[in-house]
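Input: a single structure, listed below in structure tokens.
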Amino acid sequence: MAIFKPFKAIRPVSDKAEAVAALPYDVMNSEEAREMVKDKPYSFLHVDKAEVDLDKGIDIYDKSVYLKARENLDKLVTDGICKEDENPCIYVYRQVMNGRSQTGLVGCTAIDDYINNVIKKHELTRADKEADRINHVDYCDANTGPIFLTYREDDEINSLIEKWKSEHEPVYDFVSDGVGNTVWVIDCPETIRFITEKFAAIDYLYIADGHHRAASAVKVGKMRREQNPSYTGDEEFNFFLAVLFPRNELEIMDYNRVMKDLNGYTSEEFMAKIAEVFEVEAVGAEAYKPEAKHTFGMLLDGTWYKLTAKQGTFDPNDPVDQLDVSILQNKVIAPIFGIDDPRTDKRIDFIGGIRGLGELERRVNTDMKIAFSMYPTTLDDLMDIADAGQIMPPKSTWFEPKLMSGLFIHKLS
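Numbering of the sequence shown is given in the working numbering, commencing with residue 310 and proceeding in unit increments.
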């Protein structure tokens, strides 16, 4: 049983939505954010990456950054740029990118569902990243960025969403960086009740993206419980902001790898090692994009190769071991390159599929030696691994489009 409930969103007034909406805090660094907010006084990056309004030398984890985030959030409200809805609502959020549409429902999910694994995870989190968002949520007293959740599609929920969209005007409808963003408000108590009851019949929700934000929101909720031992469970700090998308509307893109060197091997020695694991076929100068699972592209010394994993190099019955990212990590990156922890090793970098294979070629021609193009992990893979209580290797999934921040803010008190 999954809890999904309405809330009174603090959100931009209709004519300011495009000016406020911003990409998530974790898809750019501080310098990039400083450039992005130039001439954009209402950009939500002033909240999510408040160091942009402080000295360039500031430690981004300094208390002053979180205080500035709270100040900037409050200012959006006091200046009339954002306003809180009078009654709890659920929101329909549609994004369109390159002709593909995905439509989700915005509301709040329960920290207890996260704790009890009704909301399932597939990634490990890092303590430093958690600590940052814990402070951000705590100081702002709000969830400022939604958690990206998915669920196995339900025809009745889909039909209701389509009916609501066809019968009501959106409150926001704008294009940002090539992505269309449209929002409708569901304020009908009967419709809201129907939605919450339908989700109560769904066994599990799955984190698609936002593991650190989810873990941090839950820990802040637990902190508030300790501070309020007589809590009832209905307080807003018992819930966190989420957008729920049906599985069949989402797309995972490839998440590619580049390495700085061959770990001391000559190209000939390295190719011999690769041939132990893969069937190797030279493709030529044209970039190779894998067309099926267990195939990979490799760029070395100006030539692209197609690699096909040999039988016996993975367990097809193990949901993690059969992942392409696992095969590459277990058979190549760790034993040949000597990179056991790809999350921290500086010799490896990860390129989201949105950048294209041309970015792999650019990196190999500048600061890297070799690149691997990947076939995307599937939603079924993600769910199977989460259902098995297992964890994906780092950097297994890249979702596009990214959810915009600033369109919905959930206050904790």
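Using N, Cα and C, we set each Cβ at its ideal position, and we do this for glycine too.
Please read these numbers as outputs of a predicted model, since none were measured by experiment.
With distances taken between CB atoms, is the gap from residue i to residue j smaller than 8 Å?
i    : j    : result
A523 : M310 : no
K317 : D394 : yes
S714 : A331 : yes
M479 : G416 : Contrary to the premise, residue 479 reads as Pro rather than Met in this sequence. Not a contact, by the Cβ cut-off of 8 Å.
F769 : T505 : Any answer about residue 769 is impossible in this case: the structure gives the chain only from 310 up to 722.
K358 : Y334 : yes
V405 : V346 : no
L669 : L632 : no
K678 : D563 : no
I369 : E360 : yes
T686 : V634 : yes
P455 : L550 : yes
V494 : Y597 : no
I642 : A618 : no
R566 : I657 : yes
D463 : K507 : yes
R451 : L721 : The sequence shown places Ala at residue 451, not Arg. Going by C-beta atoms, A451 is nearer than 8 Å to L721.
S485 : E327 : yes
H719 : E545 : yes
V492 : K392 : no
F554 : T459 : yes
W613 : A601 : no
K615 : E590 : yes
K430 : D696 : no
Beta strand (DSSP E) containing residue i: first to last residue?
i    : result
D518 : L514 to D518
N490 : V488 to I495
C391 : C391 to E393
T612 : T612 to A618
F483 : Y481 to S485
R566 : Y564 to M568
A737 : In the structure as shown, the chain starts at 310 and stops at 722, and residue 737 therefore has no counterpart that could be examined.
R403 : I399 to M406
P321 : I319 to P321
F457 : I456 to Y460
T505 : Not the beta strand (DSSP E): T505 falls in the alpha helix (DSSP H), residues P498 to A509.
Count the other CB atoms, across all protein chains shown, that sit within 10 Å of the CB of residue i; report buried if there are 16 or more and exposed otherwise.
i    : result
S352 : buried
G667 : exposed
Q620 : exposed
I424 : exposed
N547 : buried
C497 : exposed
V329 : buried
T653 : exposed
G606 : buried
D610 : exposed
R502 : exposed
V586 : buried
Q729 : Residue 729 lies beyond the stretch modelled for the chain, which goes from 310 to 722, so this question has no answer here.
A680 : buried
N490 : buried
D364 : exposed
D518 : buried
Return the first residue and the last residue of the alpha helix (DSSP H) that residue i is part of.
i    : result
F579 : S576 to V586
R556 : First-last for R556: undefined, no H or E at that position.
G667 : L666 to V673
Y375 : K372 to T387
Y423 : I420 to I424
E476 : D464 to E476
Y448 : A436 to C449
D624 : D624 -> no alpha helix (DSSP H), and no H or E assigned at all.
I694 : L688 to D696
Let me make sure I understand the geometry here. Which of the options has the alpha-carbon closest to that of residue i?
i    : options                   : result
D689 : K507, R461 and D496       : R461
K528 : D518, Y574, A328 and A419 : A419
V552 : V356, F717, K472 and F605 : F717
K704 : H520, D610, A601 and I583 : H520
L382 : L363, Y402, I319 and W473 : I319
T575 : I470, F646 and E476       : F646
K372 : Y614, N338, R442 and S475 : R442
N444 : F483, I466, V586 and S525 : S525
K582 : R533, A594, K531 and K640 : K640
H603 : A584, E585, P625 and A591 : P625
D421 : F457, N467 and G542       : G542
Y348 : N338, D362 and V336       : Note on identity: in this sequence residue 348 is Asp, with Tyr being the wrong assignment. Closest option to D348, Cα to Cα, is D362.
L385 : M568, K655, R343 and P350 : P350
G573 : L691, S475 and P644       : P644
Within 7 Å: the Cβ of residue i and any heavy atom of the ligand FAD?
i    : result
D362 : Summarising the ligand content, the structure contains no ligands, and the ligand FAD is consequently not present.
**Item:** Three CB pairs or more closer than 8 Å across the stretch 554 to 561 and the stretch 405 to 417
**Value:** Yes, since at least three Cβ pairs between the stretch 554 to 561 and the stretch 405 to 417 fall closer than 8 Å, the two stretches touch.
**Message:** I'd like to know if the stretch 654 to 670 and the stretch 704 to 717 are in contact, where contact means that at least 3 CB-CB pairs between them fall below 8 Å.
**Reply:** yes
**Prompt:** Can you find at least 3 beta carbon pairs, one from the stretch 533 to 546 and one from the stretch 428 to 441, that sit closer than 8 Å?
**Reply:** Under the 8 Å Cβ criterion, the stretch 533 to 546 does not count as touching the stretch 428 to 441, having fewer than three qualifying pairs.
**Prompt:** Taking one C-beta from the stretch 669 to 676 and one from the stretch 512 to 523 each time, how about it: are there three or more such pairs within less than 8 Å?
**Reply:** Output reads no: the stretch 512 to 523 does not touch the stretch 669 to 676.
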